[in-house]
Amino acid sequence: MNKLHHTFLTMLLGALWAAGASGQSAPAASGSTADGSARMAAYLAHVAKTADPVLNVYLNRARAAGMSTLLDRPMSPIQEMQLRVKIAREFLKAGQFSECIEELEYVRVAIRHRELPVDKSYFYMLRDQLGISNLRVGEEESGRRPPHSWIFPMQTPGGPPFDAGARKAIEHYTANLESDPEDLAARWLLNISYMAVGEHPNGVPAQWLIPRSVFESDYDIGHFTDIAATTGVNIPSHAGGSIIEDFDADGLLDIVTSSRGLRDQMRYFHNEGNGTFSDRTQQAGLIGQLGGLNMSHADYDNDGDRDITVWRGAWMGEAGKHANSLLQNQGNGRFEDVTAQAGILAFHPTHSGVWGDYDNDGMLDLFVGNESSPPPKPPHPNELYHNNGDGTFSNVAAAAGVAGVGFVKGAAWGDYDNDGMLDLYLSHLNGDNVLYHNNDDGTFTDVTATAGVAEPYVCFPTWFWDYDNDGWEDILVAGFDMADLGDMAAIHMDLPFGADYNRLYRNRGDGTFEEVAQKLHMDRVILSMGANYGDLDSDGYLDCYFGTGMPDMRTLLPNRMLRNAAGQRFQDVTTSGGFGTLQKGHGVSFGDLDNDGDQDIYHVLGAAFEGDVYENVLFENPGHGNRWLILYLEGVQSNRDAIGARIRVHVRTRAGSQRDIYLTVRTGGSFGSSPLRREIGLGDATTIEQVEVTWPAGKRQLFTELRLDSAYRLREGDLQAIEVALQSFDLSP
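Residue 1 is where the sequence shown starts when you use my numbering, and the numbers rise one by one after that.
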């Protein structure tokens with residue numbers, strides 16, 4: 001597509017939005033934000049209605065139906081079998097597992113009956129597809145979760161109708177292993193199938209057993225119970241984003257979710273303070289906000305409440321040139337779409353964006369990372385929207401030197417050299433990652449090579465954090481490349497594997513980084529999609545949770561939780577904590593939903609294809625007896641939310657020693673958005689000696705006489721901290 005054609009299509013998309021995507025003339029321009037919400041809803045409905053299943057590979061039901069009509073055309077027997085397998089694969093992706101099985105069984109019988117000349121590997125492929133279809137068919141037939149909820153390693157049978165399908169899967173995977181005993185992917189899925197019927201490990205043939213010992217946690221973190229169903233937030237989802245934040249200023253953290261399906265409604269769950277959440281999507285003015293693989297939040301207009309950005313079109317190439325949304329909070333938890341009014345309406349495939357005040361003028365700016373496919377597809381340059389301070393933004397990416405072109409999956413602001421200016425890190429799919437140094441003059445310089453942070457070549461979520469509490473921000477970037485599904489088993493069995501893994505870049509404090517993932521035992525986490533960090537046990541060291549998977553329906557590997565052991569290594573606590581759902585994981589948010597001093601976790605599950613849907617989970621923290629502190633920072637010269645502020649908490653421990661705990665005000669990783677108040681674990685601290693805040697505008701303040709297990713508001717320039725009374729309650733009464 002040439003540049004002129006691309007420009008024309010972009011103008012056409014803009015015209016459709018302006019006209020409410022109805023084909024009628026646009027409503028009179030009153031300038032009201034209500035017009036913006038209505039127009040965006042109409043535009044998104046039009047996108048869903050007119051989506052082309054030929055171009056959009058995720059519209060699997062329509063694709064299967066369309067392919068099925070081709071069976072009436074004359075073709076050779078071999079061509080018919082090939083077409084039926086393609087149709088079956090679309091049925092599989094659509095979640096129509098029974099139809100998939102029917103087609104594949106027809107092909108198996110027809111090939112033998114007609115004596116068609118196919119290689120034995122063709123039957124191997126058919127059994128492979130039949131295995132995963134039978135393993136999942138119980139969900140289609142019952143319309144519910146199995147009792148074991150796919151929490152790895154399952155120990156109890158799923159019950160009817162799940163067990164019947166799992167036993168069929170065992171037959172298919174067994175046949176494939178008899179043909180190729182070295183197939184680690186078949187071995188992995190065979191063990192999963194035996195778990196699904198409650199017969200692992202004793203029922204698994206010895207030569208193919210993956211022993212339970214390899215799944216044991218390195219540390220007992222205590223069991224985190226999934227209470228999504230009892231609290232009312234267990235909605236089914238495709239891949240999507242999650243936010244935990246107090247959007248109506250009642251002192252309680254709410255939950256907002258999105259789901260990438262073109263007709264999937266964004267949802268707002270209000271925390272009722274009694275262990276339940278009410279669905280206030282309609283009251284919040286969000287009806288019609290459809291789709292969105294990811295979200296983030298911040299108070300961009302400094303009015304004291306948090307606004308939301310929704311990112312759309314990711315993974316879809318030219319079929320994903322969709323508008324993102326900027327949802328302005330009206331002050332009571334009700335939102336209006338101000339995307340066009342604010343000047344950020346654009347049509348690109350977007351996965352990630354991040355708020356930060358890169359020029360320290362007191363107003364939050366917005367970086368948007370777009371996905372550009374290889375030429376000859378038109379490029380989608382990244383955008384940097386400078387906040388004009390009047391509710392509008394100007395795209396200054398080219399002048400700032402950050403209008404790069406790449407397949408951006410993650411974006412993060414962080415001050416890696418402690419010079420008071422936010423730098424920018426981007427993760428790319430199929431390309432070197434980029435670290436931009438802030439020159440403090442409105443421009444950025446690419447320092448990736450000098451810093452040594454380009455890997456991995458194929459990756460996904462990323463963030464800045466100080467994992468070792470040394471006062472220097474480190475970088476985590478997660479790998480997302482796997483050529484062989486057998487790596488699902490290899491990473492657990494201590495075998496060599498080809499998949500790319502996480503990189504943990506430790507900041508040396510001199511502008512360079514040391515890669516320490518292997519040294520700190522973080523290198524066997526693969527295929528990370530949604531991810532974020534928090535403090536599971538309130539010990540003052542940041543832990544991290546990775547939602548894993550890829551679109552391939554056969555990728556069933558547990559989501560992984562890693563505990564930070566005093567900055568010296570990361571311990572896998574997936575199984576001890578009950579975090580290892582096999583369903584694909586996306587947006588992750590950590591937040592103290594019940595104000596009891598420890599962080600709970602909300603996780604959006606489900607994947608890209610229409611049938612790869614699952615219910616979201618909410619893990620309640622069982623508590624670990626450690627001390628804590630919650631801080632609400634309020635900027636005056638700095639941006640109101642104090643995003644980018646650096647915090648050092650100096651405490652005295654039970655042993656009489658002293659330690660520092662470092663945090664930065666931000667929402668966490670690039671796929672999941674945690675609350676902006678700082679929920680700080682203090683371990684076994686006996687006193688808080690002082691809290692030091694370095695505000696984005698440059699002022700440094702010390703606060704003393706803060707009590708343990710308390711919450712405070714710190715206002716830039718005020719000498720005293722103001723204690724905040726928290727309403728705590730039982731999240732699972």
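Note that CB positions come from ideal geometry on N, CA and C, so glycine has one too.
Remember, it's a predicted structure, so these values are computed and weren't measured experimentally.
Enclosing alpha helix (DSSP H) for residue 84 [first to last residue]: Walking along the sequence shown from the start, residue 84 turns up at place 84. For residue 84, the enclosing alpha helix (DSSP H) starts and ends at 77 to 94.
9 Å Cβ cutoff met for residue 555 and residue 482: On the sequence shown, residue 555 is found 555 positions in, with the first residue counted as 1. On the sequence shown, residue 482 is found 482 positions in, with the first residue counted as 1. Residue 482 sits close to residue 555, with the two beta carbons spaced by under 9 Å.
Three or more C-beta pairs below 8 Å linking the region 370 to 384 and the region 396 to 412: As far as the Cβ criterion goes, the region 370 to 384 touches the region 396 to 412, which means the pair count is three or higher.
Short Cβ contact (9 Å threshold) for residue 680 with residue 468: For this step, residue 680 is matched to residue 680 along the sequence shown. For this step, residue 468 is matched to residue 468 along the sequence shown. No; because the gap between Cβ atoms is not below 9 Å, this pair is not in contact.
Run of the beta strand (DSSP E) containing residue 514, from where it starts to where it stops: Numbered from 1 along the sequence shown, position 514 holds the residue referred to as residue 514. Residue 514 -> beta strand (DSSP E) spans 513 to 515.
Residue interval of the beta strand (DSSP E) (run including residue 455): Translated into the one-based positions of the sequence shown, residue 455 becomes position 455. Per DSSP, residue 455 belongs to no beta strand (DSSP E) and is neither H nor E.
Whole-angstrom distance between residue 342 and residue 31, CA atom to CA atom: Indexing the sequence shown from 1 puts residue 31 at position 31. Indexing the sequence shown from 1 puts residue 342 at position 342. For residue 31, the pLDDT reaches just 45, beneath the cut-off of 50, and the residue's location in the model is therefore unreliable, although a value from the coordinates is still provided. In this structure, the alpha-carbon of residue 31 lies about 11 Å from that of residue 342.
Residue 332 classed as buried or exposed, judged by whether at least 16 other C-beta atoms fall within 10 angstroms: The count along the sequence shown starts at 1 and reaches residue 332 at position 332. Residue environment for residue 332: exposed (fewer than 16 other C-beta atoms within 10 angstroms of its C-beta).
Neighbourhood of residue 735 by C-beta distance below 7 Å, restricted to the same chain and skipping five residues each side: Given a span of 1 to 733 for the chain in the structure shown, any question on residue 735 remains unanswerable.
Among 559, 263, 628, 537, the one whose alpha carbon lies nearest that of residue 582: Indexing the sequence shown from 1 puts residue 582 at position 582. Residue 559 is the option with its Cα nearest to residue 582.
Of the residues 246, 542, 663, the one placed nearest residue 678, counting alpha carbons only: For the purposes of this step, residue 678 is identified with residue 678 of the sequence shown, where counting begins at 1. Among 246, 542, 663, the Cα nearest to that of residue 678 is on 663.
Residue 672 versus residue 267 - alpha carbon distance: Counting from 1 along the sequence shown, the entry for residue 672 is found at position 672. Counting from 1 along the sequence shown, the entry for residue 267 is found at position 267. Rounded to the nearest angstrom, the two C-alpha atoms are 15 Å apart.
Residues near residue 516 by beta carbon distance below 7 Å, same chain, minus five either side: The sequence position of residue 516 within the sequence shown is 516, counting from 1. Cβ neighbours of residue 516 within its own chain (closer than 7 Å, five residues either side excluded): 504, 506.
Where the alpha helix (DSSP H) containing residue 686 begins and where it ends: Along the sequence shown, read from residue 1 onward, the residue named residue 686 stands at position 686. That residue, residue 686, is in no alpha helix (DSSP H); its beta strand (DSSP E) goes 685 to 694.
Close-in-space but distant-in-sequence residues of the same chain around residue 667 (CB under 7 Å, 5 per side omitted): On the sequence shown, position 667 is the one that residue 667 refers to. Only 296, 297, 673, 674, 676 meet the Cβ criterion.
From 346, 641, 57, 684, residue whose alpha carbon lies closest to that of residue 87: As a working note, residue 87 is residue 87 in the sequence shown. The option with the nearest alpha carbon to residue 87 is 57.
Opposing strand residues paired with residue 569 [DSSP bridges]: Working through the sequence shown from its first residue, we reach residue 569 at position 569. 565.
DSSP three-state assignment for residue 529, whether helix, strand or coil: For the purposes of this step, residue 529 is taken as the residue at position 529 of the sequence shown. In the three-state DSSP reduction, residue 529 falls in the strand class (E or B).
Neighbourhood of residue 395 by C-beta, 6 Å cutoff - its chain only, sequence neighbours within 5 removed: The count along the sequence shown starts at 1 and reaches residue 395 at position 395. Result list for residue 395: 383, 385, in chain order.
Contact check, residue 640 vs residue 304, beta carbons under 9 Å: For this step, residue 640 is matched to residue 640 along the sequence shown. For this step, residue 304 is matched to residue 304 along the sequence shown. Note that the C-beta distance between residue 640 and residue 304 is below 9 Å.
Identity of the residues DSSP links to residue 290 by a beta bridge: As a first step, residue 290 is located in the sequence shown; it is residue number 290 there, counting from the start. DSSP, once it has assigned bridges, lists 265 as partnering residue 290.
Other residues of its chain near residue 152: CB distance less than 6 Å, five sequence neighbours each side excluded: Walking along the sequence shown from the start, residue 152 turns up at place 152. Sequence-distant partners of residue 152 (beyond 5 residues in either direction) whose C-beta falls short of 6 Å from its own C-beta, in its chain, are 558, 580, 582.
The region 641 to 660 contacting the region 599 to 615, beta-carbon criterion three pairs below 8 Å: Two segments are said to touch when three or more pairs of C-beta atoms, one from each, lie closer than 8 Å; by this definition the region 641 to 660 does not touch the region 599 to 615.
Cβ-Cβ distance between residue 198 and residue 172 below 9 Å: The residue you call residue 198 lines up with position 198 of the sequence shown. The residue you call residue 172 lines up with position 172 of the sequence shown. It is not a contact, given that the beta carbons lie outside the stated cut-off.
Assumed close pair residue 712, residue 725 - CB separation to whole angstroms, cut-off 8 Å: Here residue 712 is taken as the residue at index 712 of the sequence shown, counted from 1. Here residue 725 is taken as the residue at index 725 of the sequence shown, counted from 1. Not quite, the Cβ-Cβ distance comes to about 11 Å (not below 8 Å), so this is no contact.
Pairwise C-alpha distance: residue 460 and residue 372: By 1-based counting over the sequence shown, the position of residue 372 is 372. By 1-based counting over the sequence shown, the position of residue 460 is 460. Answer to the nearest angstrom: the Cα atoms are 15 Å apart.
Residue from 408, 457, 138 whose Cα sits closest to the Cα of residue 165: Taking the sequence shown and counting its residues from 1, the one referred to as residue 165 is at position 165. Relative to the Cα of residue 165, the nearest Cα in the group 408, 457, 138 belongs to 138.
Start-to-end residues for the beta strand (DSSP E) that takes in residue 631: For this step, residue 631 is matched to residue 631 along the sequence shown. Run containing residue 631: 627 to 634, per the beta strand (DSSP E) assignment.
Inter-residue spacing [alpha-carbon to alpha-carbon] between residue 484 and residue 278: By 1-based counting over the sequence shown, the position of residue 484 is 484. By 1-based counting over the sequence shown, the position of residue 278 is 278. Roughly 43 Å between the two C-alpha positions.
Touching by the beta-carbon criterion (3+ pairs, under 8 Å), the region 601 to 612 and the region 284 to 292: Remark: fewer than three beta-carbon pairs, one from each stretch, lie closer than 8 Å, so the region 601 to 612 and the region 284 to 292 are not flagged as touching.
Secondary structure, beta strand (DSSP E): runs of 3+ residues fully inside the region 213 to 280: Qualifying beta strand (DSSP E) stretches, in chain order: 242 to 245, 254 to 257, 267 to 271, 277 to 279.
Residues that residue 386 bridges to, as DSSP identifies them: Sequence index remark: in the sequence shown, residue 386 carries index 386 (1-based). When DSSP reads this structure, residue 386 sits in a beta bridge with 394.
Stretch pair the region 41 to 54 + the region 254 to 270: three plus CB contacts closer than 8 Å: Cβ pair count under 8 Å is three or more, so yes.
Beta-carbon contacts of residue 232 that lie in its chain and below 8 Å, excluding the five residues immediately before and after: To locate residue 232, count along the sequence shown from 1; it is residue 232. Cβ within range, chain order: 269, 276, 277, 278, 279.
Under 9 Å between C-beta atoms of residue 222 and residue 441: As a first step, residue 222 is located in the sequence shown; it is residue number 222 there, counting from the start. As a first step, residue 441 is located in the sequence shown; it is residue number 441 there, counting from the start. In terms of Cβ geometry, residue 222 and residue 441 do not form a close pair [threshold 9 Å].
Separation of residue 573 from residue 464, as counted between CA atoms: Taking the sequence shown and counting its residues from 1, the one referred to as residue 464 is at position 464. Taking the sequence shown and counting its residues from 1, the one referred to as residue 573 is at position 573. Pairing residue 464 with residue 573, the inter-Cα distance amounts to about 22 Å.
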